[in-house]
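Enquirer: Chains as they are written, first to last, in the numbering used here: chain A, 301 to 655; chain B, 301 to 655.
All C-beta atoms, glycine included, are put in the ideal place defined by N, C-alpha and C.
Quick caveat: nothing in here was measured; it's all calculated off a predicted structure.
Sharing a structure, written as structure tokens. Questions coming.
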């Protein structure tokens, strides 16, 4: 099934995705939904949703597993399906909270269901969509544990460590999302608060913890400090870049709807910059738009303001610095050359993304 | 901490509840929320929420554990905290879907949060409440697994069986809720569909599975058929009684808001009866009210219609028959007298409840 050589992220996705699909097929079949076409339709949406995404988190766990001497090439892939189900669960619930319509070029779960029932009289279709999407997320979350609890390829000690780490991950990522929502309540939020949610939701969740999972599965000792430092720099760069893309890109150029952060009152490096370092005029202008639906004209004005205030330049600098520090850490690490190369390729891939 | 004698459900709640509270205290403390009063406020709501409830599911697991010779009196209580966290998780997510305002006399999670932010300008307070309540539920769900994965009092084989059973429980209860929501889409739904969701959400989730958990923890072999038959009868009686209470009681008499099922288009034995066995006049009258907010006057008319149609009598008969069959199964089982007595007391307690 899997080649023994070290895969790059594209080969990895090609190899992992059929395992994800086959897990979902098996699950959906076992739920014996014969006769309930509706529920079957929602569950099949999960298959569609899980075709998308780059598999960055699972790949990072895989790369670390291999870098630390892990040899179970097929088995580790079977297991790492759980990371992508976890990620899909979190995205589906987050998309409800962010009122997002699209993700990776397809409808978000709640919109998908909403559109299915939109024409039924007497139904609150939006609420119905949210309700079923909550359940789809809950299903994925339950399956994460099912995969871990059913695994027999890895020894109990390693699996136990991964499960306890998963508890930590959940504590962190849910807290990160709670804080994220809380920062939408007010206009002026401290950089510490914004940074805390970035560290929890992006640095630890997306980078530090997946590396630890890979290392635990390999059974080898690892330098936690190295993972944390690398993950923090990569996380800050990754998240700030994501927030920059939200400002810079049009719906016509990317599948993401732009300025969603402003409409949803999301606090980012850029909103922080305006509310704290903007001129009086910029602050009051931005206040007017914060939390509102924006026309193309509004967006043009806002984009100009972000440019002129220096927020974009400062953000770009923050992104570049942190990518560069992450790369430096890899180069000076005691990873073997082959792995250094793959880690650097991954950083480069993340740095190049346009959506 | 715990007396060695067999507890009734009241003693059980008194003994279990401090363990639940102390688990939550420990967790909330470990999240180090210093400086985030808001998130701390939401998490403290969980402590309030988890003071309520009768502990029927955990008690049933305890009773079965003891009946099958389990001797770890303190340890089993520590572990069974997970059943009540699981239940609270499901209630919090269900209450979002049902747009419920109150539960056990306190605000539901989403309303609690909504009311905290209601006065903040520019915020969709309802959506914010839903978002934080999704996260509170997700937290509880993660902690369910944390409790199971951290347990060292029970042997690995028993714990593994409980964890795999938990996968089954999740598959069943989420499917039950999906079907439940789907039956709100249409007026005419078959009795098979309604019964299927009752079996999944009430019989298996509330009765059959908790008994299996207790039996697995005891390590003794058990008669699965006995659990299933008992649980099904108890589940049908329990759910139909719950649905009857929704029709019969006023807000003034109980903490539950009456006719919530009708307003939320919930399909029950009683709605099935009207839509399928009602007169033409009753059907068209009920159609008019189905899915609507109801005035006291509307409720009076509906209550009269439920009486006159024979739905109430038929429902009462269904409830009594199933309680009686459940009791019969206990009496003719090979449980020891002491346990038979406690199981029958539990059935009686459930049969007597008024809210």
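Looking at the secondary structure, which residues open and close the alpha helix (DSSP H) in which residue 559 of chain A lies?
Expert: Careful: residue 559 of chain A lies outside any alpha helix (DSSP H) and carries neither H nor E.
Enquirer: Looking at the structure shown, is residue 584 of chain A part of a helix, part of a strand, or coil, going by DSSP?
Expert: Correct three-state label for residue 584 of chain A: helix.
Enquirer: Given that residue 584 of chain B touches chain A, what residues does it touch there, using C-beta distances under 7 Å?
Expert: Near residue 584 of chain B there are no residues of chain A at all, since even the closest Cβ is about 15 Å away, more than 7 Å.
Enquirer: Could you tell me which residues DSSP puts in a beta bridge with residue 402 of chain B?
Expert: Answer is B:407.
Enquirer: Assign residue 555 of chain B to one of three DSSP states: helix, strand, or coil.
Expert: Bear in mind that the predicted position of residue 555 of chain B carries a pLDDT of just 49, short of 50, making it too unreliable to give a figure here.
Enquirer: Where residue 566 of chain B and residue 481 of chain B are concerned, what is the direct C-alpha to C-alpha distance, given to the nearest angstrom?
Expert: Rounded to the nearest angstrom, the two C-alpha atoms are 8 Å apart.
Enquirer: How big is the Cα-Cα spacing for residue 406 of chain A and residue 456 of chain A?
Expert: Looking at the two C-alpha atoms, the distance is approximately 39 Å.
Enquirer: What three-state label does DSSP hand residue 352 of chain A in the structure shown?
Expert: Residue 352 of chain A falls in the coil class under three-state DSSP.
Enquirer: Taking 6 Å as the limit between beta carbons, can you name the residues of its chain near residue 591 of chain B, skipping five residues before and five after?
Expert: Taken in chain order, the residues that qualify are 565.
Enquirer: Which residues bound the alpha helix (DSSP H) around residue 499 of chain B?
Expert: Taken as a continuous stretch (DSSP letters only), residue 499 of chain B belongs to no alpha helix (DSSP H), as it is neither H nor E.
Enquirer: On the criterion of 16 or more Cβ atoms from any shown chain inside 10 Å, does residue 393 of chain B qualify as buried, or is it exposed?
Expert: By the neighbour-count rule (16 or more Cβ atoms within 10 Å), residue 393 of chain B is buried.
Enquirer: Can you tell which of B:623, B:595, B:585 and B:635 has its C-alpha closest to the C-alpha of residue 606 of chain B?
Expert: Checked all of B:623, B:595, B:585 and B:635; the closest Cα to residue 606 of chain B is B:585.
Enquirer: Taking only beta-carbon atoms, is residue 417 of chain B less than 9 Å away from chain A?
Expert: Yes, contact with chain A.
Enquirer: With a Cβ-Cβ cutoff of 9 Å, do residue 646 of chain A and residue 380 of chain A count as a contact?
Expert: For residue 646 of chain A and residue 380 of chain A, no; Cβs fall outside 9 Å.
Enquirer: So is residue 502 of chain A in contact with chain B if we call contact Cβ pairs under 9 Å?
Expert: No, residue 502 of chain A does not count as interfacial toward chain B.
Enquirer: Do you know offhand how far residue 613 of chain B's Cα is from residue 571 of chain B's?
Expert: In a straight line, the C-alpha of residue 613 of chain B is about 14 Å away from that of residue 571 of chain B.
Enquirer: Taking 9 Å as the threshold (C-beta atoms), are residue 357 of chain B and residue 510 of chain B in contact?
Expert: Their beta carbons are under 9 Å apart, which means residue 510 of chain B touches residue 357 of chain B by this criterion.
Enquirer: So what does DSSP say about residue 372 of chain B, is it helix, strand or coil?
Expert: Residue state, collapsed to three classes: coil.
Enquirer: Measuring CB to CB, does residue 451 of chain B end up less than 9 Å from residue 378 of chain B?
Expert: Yes, they are a contact pair.
Enquirer: Using Cβ-Cβ distances below 7 Å, what residues of the segment 469-502 of chain A are close to chain B?
Expert: Going along the segment 469-502 of chain A in chain order, one finds 470, 471, 474, 475, 477, 478, 479, 481, 482 and 485 with a Cβ nearer than 7 Å to chain B.
Enquirer: Does the Cβ of residue 562 of chain A have 16 or more other Cβ atoms within 10 Å, making it buried, or fewer, making it exposed?
Expert: Buried: at least 16 other Cβ atoms inside 10 Å.
Enquirer: For residue 328 of chain B, collect the residues of the same chain with a Cβ closer than 6 Å to its Cβ; drop the 5 residues on either side in sequence, then sort them by chain order.
Expert: Excluding positions up to five away in sequence, the list reads 343.
Enquirer: Which first and last residues belong to the alpha helix (DSSP H) in which residue 594 of chain A is found?
Expert: Note, residue 594 of chain A: premise wrong, no alpha helix (DSSP H); not H, not E.
Enquirer: Examine chain B for any beta-carbon lying closer than 9 Å to the beta-carbon of residue 576 of chain A, and answer yes or no.
Expert: No - not a single Cβ of chain B is within 9 Å of the one on residue 576 of chain A.
Enquirer: Could you check how far apart the C-beta atoms of residue 472 of chain A and residue 500 of chain A are, in whole angstroms? I think they sit under 8 Å.
Expert: Indeed they touch by this definition, with Cβ atoms about 5 Å apart.
Enquirer: With residue 397 of chain B and residue 431 of chain A assumed to form a contact (beta carbons below 8 Å), what rounded beta-carbon distance in angstroms separates them?
Expert: That pair is a contact at about 4 Å.
Enquirer: Enumerated in chain order, which unbroken segments of the alpha helix (DSSP H) with a length of 4 residues or greater are wholly contained in the segment 444-502 of chain A?
Expert: Fully enclosed alpha helix (DSSP H) runs of 4 or longer: 456-483 and 491-498.
Enquirer: Cβ of residue 372 of chain A within 9 Å of Cβ of residue 428 of chain A?
Expert: Contact flag unset, no.
Enquirer: For residue 437 of chain A, collect the residues of the same chain with a Cβ closer than 7 Å to its Cβ; drop the 5 residues on either side in sequence, then sort them by chain order.
Expert: These residues qualify, in order along the chain: 389, 392 and 393.
Enquirer: Looking at residue 339 of chain B and residue 478 of chain A, is the spacing between their C-beta atoms short of 9 Å?
Expert: Going by C-beta atoms, residue 478 of chain A is nearer than 9 Å to residue 339 of chain B.
Enquirer: Roughly how many angstroms separate the alpha carbons of residue 632 of chain B and residue 447 of chain A, rounded to a whole number?
Expert: Cα to Cα, residue 632 of chain B sits roughly 40 Å from residue 447 of chain A.
Enquirer: Between the alpha carbons of residue 458 of chain B and residue 365 of chain B, how many angstroms are there, rounded?
Expert: So the alpha carbons of these two residues sit roughly 12 Å apart.
Enquirer: Does any residue of chain C have a CB that is nearer than 9 Å to the CB of residue 345 of chain A?
Expert: Any reference to chain C falls outside this structure, whose protein chains are A and B.
Enquirer: Grouping DSSP H, G and I as helix and E and B as strand, with all else coil, what is residue 308 of chain A?
Expert: Looking at residue 308 of chain A - three-state DSSP - the assignment turns out to be coil, as it is neither helix nor strand.
Enquirer: Flag residue 397 of chain B as yes if its beta-carbon sits less than 9 Å from any beta-carbon of chain A, otherwise no.
Expert: For residue 397 of chain B, the answer is yes, since a Cβ of chain A falls inside 9 Å of its Cβ.
Enquirer: Tell me the residue span of the alpha helix (DSSP H) that contains residue 514 of chain A.
Expert: It spans 509-518 - the alpha helix (DSSP H) in which residue 514 of chain A sits, taken as one unbroken run.
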